[in-house]
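Participant: There's a structure below that I have some questions on.
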Amino acid sequence: MKRYLLPFISLLIVAFSPASHAEQKKDIGSLEVHYSALNSTFVPPAVAKAYGIKRSNVNALLNIAILDKSRAGKPAVTAEVTGQARNLLGTKKPLTFREVREGDAIYYLAEVRFANEENYIFDIDIKAAGNRAGKLTFQQTFYAN
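Residue numbers (my numbering): 52 to 196.
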């Protein structure tokens, strides 16, 4: 059953993301980086428990997947993913990403607490094998539910 949980997380992220009708990806050289952030209450309790995700109406979940677009089938690649979230007042919160593998898929998950209607700018550094590196920056507002 666990092997079906992470694809379910991915589906939730796409379905409930505020920009669900716009693709959230960035090309960094030969890397294709997909990203999303959502309130952790959208993750079902069983899935959250299986992956150690804290469900809370003031906790956001970030999901990053990195693909190698230079290879056939765009396989997932491992990378060092680090970053921070900063609000509009300049307060910075470090992000701790953990790697999750599900079959051939590789995801990097991080969590961050927020206040209702708090807007974060996420600055993410990605370093993959083969000297491929780059920065991903995106902004999102979170709402406590």
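Here a beta-carbon is modelled for each residue, glycine too, at the ideal position from N, C-alpha and C.
If you're wondering where the values come from, they're calculated on a predicted model, not measured in any experiment.
(1) At which residues does the alpha helix (DSSP H) containing Tyr-159 begin and terminate?
(2) Just how far apart, CA to CA, sit Arg-164 and Arg-106?
(3) Assuming Ile-115 and Val-132 make a contact with CB atoms under 8 Å, what is their CB distance in whole Å?
(4) Between the C-alpha atoms of Lys-125 and Asp-176, what's the straight-line distance to the nearest angstrom?
(5) With 16 as the cutoff for other CB atoms within 10 Å, does Gly-134 come out buried or exposed?
(6) Buried or exposed for Tyr-194, going by 16 or more other Cβ atoms inside 10 Å?
(7) Taking the DSSP output, what are the residues bridged to Thr-133?
(8) Could you tell me the boundaries of the beta strand (DSSP E) in which Ala-116 lies?
(9) To the nearest angstrom, how far is it from the Cα of Ala-180 to the Cα of Thr-188?
(10) Looking only at its own chain, which residues have a Cβ that is under 7 Å from the Cβ of Ala-130, when we skip the five neighbours before and after it?
Facilitator: To lay it out plainly:
(1) No alpha helix (DSSP H) holds Tyr-159; the beta strand (DSSP E) holding it covers 156-164.
(2) 11 Å
(3) Between Val-132 and Ile-115 the Cβ distance is about 6 Å, and since that is below 8 Å, they are a contact.
(4) Lys-125 and Asp-176 have their alpha carbons spaced roughly 20 Å apart.
(5) buried
(6) exposed
(7) Asp-176
(8) Where Ala-116 is concerned, the enclosing beta strand (DSSP E) starts and stops at 110-119.
(9) 21 Å
(10) Ile-117, Ile-177, Lys-178 and Ala-179
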